[in-house]
Amino acid sequence: MRFAAIADIHGNCAALEAVLTDIGQQGIPTNAIVNLGDCLSGPLDAGKTADLLLSLDLPTVRGNHDRYLVEQAVSDMGHSDAAAFAQLTAEHLDWLRSLPASLVWKNEVLLCHATPQADDVYWLQTVSRDGYVHQKARTDIEALAEGISQSLILCGHTHMPRAVMLSDGRLIVNPGSVGCPAYSDAEPVQHRVETGSPLASYAICERRDGLWNITFRLVPYDHHRQAAIAEANGRPEWAAALATGWLS
823 MRFAAIADIH GNCAALEAVL TDIGQQGIPT NAIVNLGDCL SGPLDAGKTA DLLLSLDLPT
883 VRGNHDRYLV EQAVSDMGHS DAAAFAQLTA EHLDWLRSLP ASLVWKNEVL LCHATPQADD
943 VYWLQTVSRD GYVHQKARTD IEALAEGISQ SLILCGHTHM PRAVMLSDGR LIVNPGSVGC
1003 PAYSDAEPVQ HRVETGSPLA SYAICERRDG LWNITFRLVP YDHHRQAAIA EANGRPEWAA
1063 ALATGWLS
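Residue 823 is where the sequence shown starts when you use the working numbering, and the numbers rise one by one after that.
Have a look at this one:
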């Protein structure tokens, strides 16, 4: 089994197109790509991204921002969700509503956005009281994986490419973010997540002799053009993140 995992596109269609091209160049067909959610939210090309994803019909789970787009009133949405919502059609919103919170793919891989229990909780990282992001203790990571029989568990949400092996050999992999390399969040306390690179991230997963081989790939694209779109849409922090992988 060999396939690609993508996550956290956040309406960055240019990054998604570059990643899809790279996936194809690695000999992986479209029907061997899985999507871990947070597809559209952001001040970029939500409508175009939605059209492309609907045409691909990838196995996809719902991210927290996908949920916000269909559960919240526009007046209650954050800036990124509201900007995306303004570009979406009824068909796009129906597709978001149809996405499951998690799913098992080909009986061997569990897909979720953040954790199987919640779409807005960091699985592999934790945030200290002073706003620093740290690796979570293995016991805490493993507690969230209790009851999962699949040997490979895929999650997104933090935008940081990462792999953690559990004590029983199961592997949790975050492929990183296709379209949003840095962000800030006020929950549980104000903090920043910054990858330090503007490149689009995804992962290739391959099972060989019963063991998972994971390759993280960083793909160049015209990120400066996307940064200019964010700037023009009044989102300088997004512009900085897209241009550099840092928020400032």
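Just so it is clear, CB atoms sit at the ideal spot from N, CA and C, and this is done for glycine as well. All of these numbers come straight from a predicted model, not from anything done at the bench.
So, helix, strand or coil for residue i, using DSSP?
i: H1013; result: strand
i: Y1005; result: strand
i: C835; result: helix
i: R919; result: helix
i: I933; result: The residue asked about is misnamed: residue 933 is Leu in this sequence, not Ile. Residue state, collapsed to three classes: strand.
i: W1034; result: strand
i: S863; result: coil
i: L1040; result: strand
i: I845; result: helix
i: W1068; result: coil
i: A827; result: strand
i: I1051; result: helix
i: L925; result: strand
Between residue i and the rest of its own chain, which residues show a CB-CB distance below 8 angstroms, the 5 nearest in sequence each way excluded?
i: L876; result: E913, H914, W917
i: R919; result: V892
i: L988; result: R960, I963, E964, A967, I994
i: E1009; result: D942
Does the beta-carbon distance from residue i to residue j come in below 9 angstroms?
i: R992; j: Q947; result: no
i: A1022; j: A837; result: yes
i: I975; j: L932; result: yes
i: T882; j: C861; result: yes
i: G869; j: G1001; result: no
i: N886; j: D941; result: yes
i: D952; j: V896; result: no
i: D903; j: Q894; result: yes
i: S999; j: I831; result: yes
i: Y954; j: H981; result: no
Under 7 angstroms Cβ to Cβ from residue i, same chain only, skipping five residues before and after it: list those, please.
i: G1018; result: G1067, W1068
i: T937; result: V943, W945, L966, C977
i: I855; result: F825, A826, I828, I845, L880
i: A1052; result: P865, L866, W1060, A1061, L1064
Keeping to the same chain, check which residues put their C-beta closer than 6 angstroms to that of residue i; ignore five residues upstream and five downstream.
i: E1059; result: L1069
Could you tell me which residues DSSP puts in a beta bridge with residue i?
i: V883; result: DSSP, once it has assigned bridges, lists no residue as partnering V883.
i: R889; result: DSSP lists no partner for R889.
field: beta strand (DSSP E) runs wholly inside the segment 942-1028, at least 3 long, in chain order
entry: 947-949, 955-957, 974-976, 984-987, 993-996, 1004-1007, 1013-1016
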